[in-house]
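Student: Here it is, the structure in full.
Number of protein chains: 2
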Amino acid sequence: MDLPDLATQMADLGARAKAASALLSQTSGAQRAAAVTAMAAALRAAAPVILAANDSDMARATELSPSLRDRLKLTPERLEGVAKGLDEIAALPDPLGAVLEEWHQPNGLHFQKIRVPLGVIGIIYESRPNVTADAGALCVKSGNAVILRGGSDSFASSGAILTALRAGLTAAGLPEDCVQAVPTPDRAAVGLLLTMTDTLDVVIPRGGKSLIARVAADSRVPVLKHLDGNCHTYIHSAADLDKARRVVLNAKLRRTGVCGATESLLFDAAIVQSHAAPILKDLLDAGCVVRADAALEALDPRIEPATEADWGTEYLEAIVSAKVVSGVDAAIEHINRYGSHHTEAILTEDARAAAAFLAGVDSAIVLHNASTQFADGGEFGFGAEIGISTGKLHARGPVGAQHLTSIKYLVRGNGTVRAG
Amino acid sequence: MDLPDLATQMADLGARAKAASALLSQTSGAQRAAAVTAMAAALRAAAPVILAANDSDMARATELSPSLRDRLKLTPERLEGVAKGLDEIAALPDPLGAVLEEWHQPNGLHFQKIRVPLGVIGIIYESRPNVTADAGALCVKSGNAVILRGGSDSFASSGAILTALRAGLTAAGLPEDCVQAVPTPDRAAVGLLLTMTDTLDVVIPRGGKSLIARVAADSRVPVLKHLDGNCHTYIHSAADLDKARRVVLNAKLRRTGVCGATESLLFDAAIVQSHAAPILKDLLDAGCVVRADAALEALDPRIEPATEADWGTEYLEAIVSAKVVSGVDAAIEHINRYGSHHTEAILTEDARAAAAFLAGVDSAIVLHNASTQFADGGEFGFGAEIGISTGKLHARGPVGAQHLTSIKYLVRGNGTVRAG
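Each protein sequence line maps, in turn, to chains A and B. All letters in the first sequence, in the order written, are residues 1 to 420 by our numbering. All letters in the second sequence, in the order written, are residues 1001 to 1420 by our numbering.
Take a look at the structure:
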């Protein structure tokens, strides 16, 4: 598709999204929940078509790594899981309409602060086709129209899922243009999307570091930042060894490909022999690569030397970096310098050390005696999530339907004028 | 100053701001309140120096319009007003630390959502030197370090105010680098500021349309948008005439230079003779220019014809545009198309029309039977404000100290690991 044609099509998408958004913003919570339920039903009805489209994506994706092929792959069970996820989104409390605050001023004016949709959201993501359904449903649930741009690998699967979602919207009596996608996997479409400031209220990149860096650098539309998760677990000198072994193994290896997986371990100098040795042995025995500083390297011949680059790396694999620090202040300093402000944990039985860590670490989520793998909207009780925001503006931490909203002030008077 | 030198100085400012922010984020509400009180005291003590600096700014600013000269001018009374404003900011409730939400999950994890500072804020503004003091105090109150870039016209005044604020911080035992300013009024400093993504968490432009457009277009740092206020008052067919005359006169003419001043009037067709005629006569008699569509132009020979450009114009002067609409839906459509999503009012005794207008108008503040001039943080009860945000992300409407914050999740377990 040449660029003028694409630009025309993108402008048309934008106009349709705005029109759908205006209608959607006036619907009731019950209408939006029913629409998400209908979207789930339509997904189930279209399962054969969606799976066939996924087969064609898989057939084309021969050059992908096994783990990326696995992310792309849909099965009847996985698709049913996606539909169930939509049913759960439908059942969430309505994120809109609530009066958040309400007060009178002495001049008689009555103020209400209420929740309203953001408007039109752009979501740019990579190979997982299920994001098409999750993101579409979360946006409809929260009263927002959405323009999706999925990965080129999943173009056919996402297209088939989109057709089903739109059929569900129509069946529920809502405009099908509440959920749209860019017409081509061409990167030029992303470039255009990032300039649509009159249409898009926010753009959310969900994917790898290079995608997010590109969106952050190029976007003229406000971005809800989802950076990498270079998550740390700090084993303090007063850590309980049994808890620490259990938590570290879970934090690193439960799933290595999720953004809440621990990528770096910090050990207090006093517990190198007592704690670091058994914990690193657990990891090595489980097949994890350990890259450590000189103080830890001597503990086991299997440990590799770490380089400066390791401290800033999100592996998303069975690799962990490990370092000795001189105490809680040094741990905080290391994390705030090398981390990505996502999720960090301290393991300790010392309440003062825990309090200092929780206050001093500048991350969206800070845990005490728990696995960093809890960095997930579902585990927080938010239902499905778009991702984990590492920015400090608007939303920080897991972003669910309730965070895809803005506010508005309603002010009521009786011919009230301002003095002075 | 040449660019390499300036870049070095800006990087140094940034590093100092980050260090000050880390300390400031660990202070108590009492410490920050005491610091703002000390800043107010230091302003009063430095009054002769500040007024002398302002005299030199005024002597240079011979080419400015009378209204801009008036905005630049400081008098002993105005400076005392600024100091009083700081005392009021000191007395506001602490915006930080509060536990916003708190819950347990079935697995025993305990969650807290707390308020934390944003970090380092950049504020770019124009000729009013008092913004230096207000913005500095609001940032310190909310635990944020700030880098200020004032207008070149007020460079000497702002510099003298800054020196006083920093003396106040030192007297209160906080780092003086909590409040800094760029070293030169040179526009290149703004360009550098907008690229400091490693330092600045947010940049807030406060000023005219061209400044804000430039910041929005060039900034790589997230922007808290303060657009123009093209505010509307819609006089519905069921408006009470006495209230409407009183409110419109106040909304347009109480102060014409504030962002909440009404710039455009919409009248229902049914009340052109009964309401539009006396209301426009009031305005014309008070010296206001009226630019209206053909249906209204015939009401008074003093009325000028409006052009399409008038519907989108924020005059900030004694000029108003006026137009006939066919009802509440047409009014909403006109406002959402031509307005700036700032503040709009409906005047009516019909509760259903009011509800439709409040729900349908996509603006930060929507009023019923009250003057748009209430668009002000003080009138909302928020204390001093940085401005009115017209964006939908993070903060919408008046931005006070409580809005210069982010959140953080604290999660406490007991060796808790994630299943599955």
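Glycine is no exception: its CB is placed at the ideal position from the N, C-alpha and C atoms.
Starting from A:D70, find everything on chain B with Cβ-Cβ shorter than 9 Å and list it in chain order.
Tutor: Correct list: empty, because the minimum Cβ distance to chain B is about 17 Å.
Student: Can you check which of these residues, A:R254, A:L249 and A:L194, is closest to A:A276 by C-alpha distance?
Tutor: A:L249
Student: Below 8 Å between beta carbons: does that hold for B:P1117 and B:S1157?
Tutor: Not in contact: B:P1117 and B:S1157 (Cβ atoms no closer than 8 Å).
Student: With respect to the alpha helix (DSSP H) encompassing A:K141, which residues constitute its N-terminal and C-terminal limits?
Tutor: Counting along the chain, the alpha helix (DSSP H) containing A:K141 begins and ends at N130 to K141.
Student: For chain A, find out if any of its Cβ atoms is closer than 8 Å to the Cβ of B:K1243; answer yes or no.
Tutor: At least one CB atom of chain A sits nearer than 8 Å to the CB of B:K1243.
Student: Check whether chain B comes within 8 Å of A:T416, counting only Cβ atoms and requiring the distance to be less than that.
Tutor: Interface with chain B (8 Å Cβ-Cβ cutoff): A:T416 is included.
Student: If you measure from the beta carbon of B:I1335 to each beta carbon in chain A, is any gap under 8 Å?
Tutor: no
Student: Where DSSP assigns a beta bridge to A:G97, which residues make up the other side?
Tutor: In the DSSP output, where bridge partners are listed per residue, A:G97 has none listed.
Student: From which residue to which residue does the alpha helix (DSSP H) around B:S1127 run?
Tutor: Going by DSSP, B:S1127 is part of no alpha helix (DSSP H) at all; its letter is neither H nor E.
Student: Give the secondary structure of B:Y1338 by DSSP, where H, G and I count as helix, E and B as strand, and everything else as coil.
Tutor: helix
Student: With 8 Å set as the bound, which would you pick, yes or no: does the beta-carbon of A:N369 sit closer than that to a beta-carbon of chain B?
Tutor: yes
Student: Contact between the segment 1113 to 1127 of chain B and the segment 1083 to 1099 of chain B: three or more CB pairs below 8 Å?
Tutor: Taking 8 Å as the limit for Cβ pairs, the verdict is that the segment 1083 to 1099 of chain B does touch the segment 1113 to 1127 of chain B.
Student: Run the proximity test for B:P1205: is its beta-carbon closer than 7 Å to any non-hydrogen atom belonging to the ligand ZN?
Tutor: The ligand ZN is not part of the structure shown, which contains no ligands of any sort.
Student: Taking B:A1020 as the reference, which of B:D1198, B:A1145, B:R1149 and B:G1150 has the closest Cα?
Tutor: B:A1145
Student: Is there a C-beta anywhere in chain A that falls below 8 Å from the one on B:F1267?
Tutor: Nearest CB-CB separation between B:F1267 and chain A: not below the 8 Å threshold.
Student: Near B:A1370, what residues of its chain come up, given a Cβ to Cβ distance below 8 Å and the 5 sequence neighbours on each side ignored?
Tutor: V1247 and A1345
Student: Considering A:E88, what are the terminal residues of the alpha helix (DSSP H) in which it resides?
Tutor: P76 to A91
Student: If I measure Cβ to Cβ from A:D183 and keep anything under 6 Å in the same chain, skipping five residues before and after, which residues do I get?
Tutor: Note that residue 183 of chain A corresponds to Pro in the displayed sequence, not to Asp. Taken in chain order, the residues that qualify are Q9.
Student: Quick one: what's got a C-beta closer than 6 Å to B:P1398's C-beta in the same chain, skipping five residues either side?
Tutor: Same-chain partners within the cutoff: G1377, F1380, F1382, E1385 and I1388.
Student: By Cβ distance, which residues of its chain are closer than 6 Å to B:R1128, with the 5 residues on each side in sequence left out?
Tutor: R1071
Student: At a CB distance below 7 Å, what residues from the segment 1398 to 1414 of chain B approach chain A? Give them in sequence order.
Tutor: Close to chain A, meaning a Cβ-Cβ distance shorter than 7 Å, are the following residues of the segment 1398 to 1414 of chain B: S1406, I1407, K1408, Y1409, L1410, V1411, R1412, G1413 and N1414.
Student: Please list the partners that A:G391 has in chain B, where partner means a Cβ-to-Cβ separation under 9 Å.
Tutor: Result: D1201, P1222 and S1406.
Student: Whether or not the segment 1031 to 1038 of chain B and the segment 1079 to 1092 of chain B are in contact is what I'm after, with contact meaning three or more pairs of Cβ atoms, one per stretch, closer than 8 Å; do they touch?
Tutor: yes
Student: Please state whether the Cβ-Cβ distance between B:P1278 and B:L1241 is less than 8 Å.
Tutor: yes
Student: Counting only beta-carbon atoms, is A:W311 nearer than 8 Å to chain B?
Tutor: no
Student: Assign B:H1403 to one of three DSSP states: helix, strand, or coil.
Tutor: helix
Student: According to DSSP, which residues form a beta bridge with B:S1389?
Tutor: B:G1397
Student: In chain order, what residues of the same chain lie with their CB nearer than 6 Å to the CB of B:E1126, ignoring the 5 residues before and after it?
Tutor: These residues qualify, in order along the chain: G1151 and G1207.
Student: On the CB-based measure, 16 or more other CB atoms within 10 Å of its CB, does B:Q1180 come out buried or exposed?
Tutor: buried
Student: What do you get for A:P48, buried or exposed, if any count of 16 or more other CB atoms within 10 angstroms of its CB means buried?
Tutor: exposed
Student: A:G14 versus chain B: which residues are under 7 Å apart at the beta carbon?
Tutor: Going along chain B, no residue has its Cβ under 7 Å from A:G14, so there is no contact; the nearest lies around 15 Å.
Student: From the DSSP output, in three-state form, read off A:S264 for me.
Tutor: A:S264: strand per DSSP, three-state reduction.
Student: For the beta strand (DSSP E) containing A:S67, name the first residue and the last one.
Tutor: Here A:S67 belongs to no beta strand (DSSP E); instead the alpha helix (DSSP H) covers P66 to L72.
Student: Could you please tell me which residues of the segment 246 to 278 of chain A, in chain order, have their CB closer than 7 Å to any CB of chain B?
Tutor: R246, V247, N250 and R254
Student: Would you give the residue range spanned by the beta strand (DSSP E) that A:R149 belongs to?
Tutor: A145 to R149
Student: Within this structure, are the beta carbons of A:V290 and A:A322 separated by less than 8 Å?
Tutor: yes
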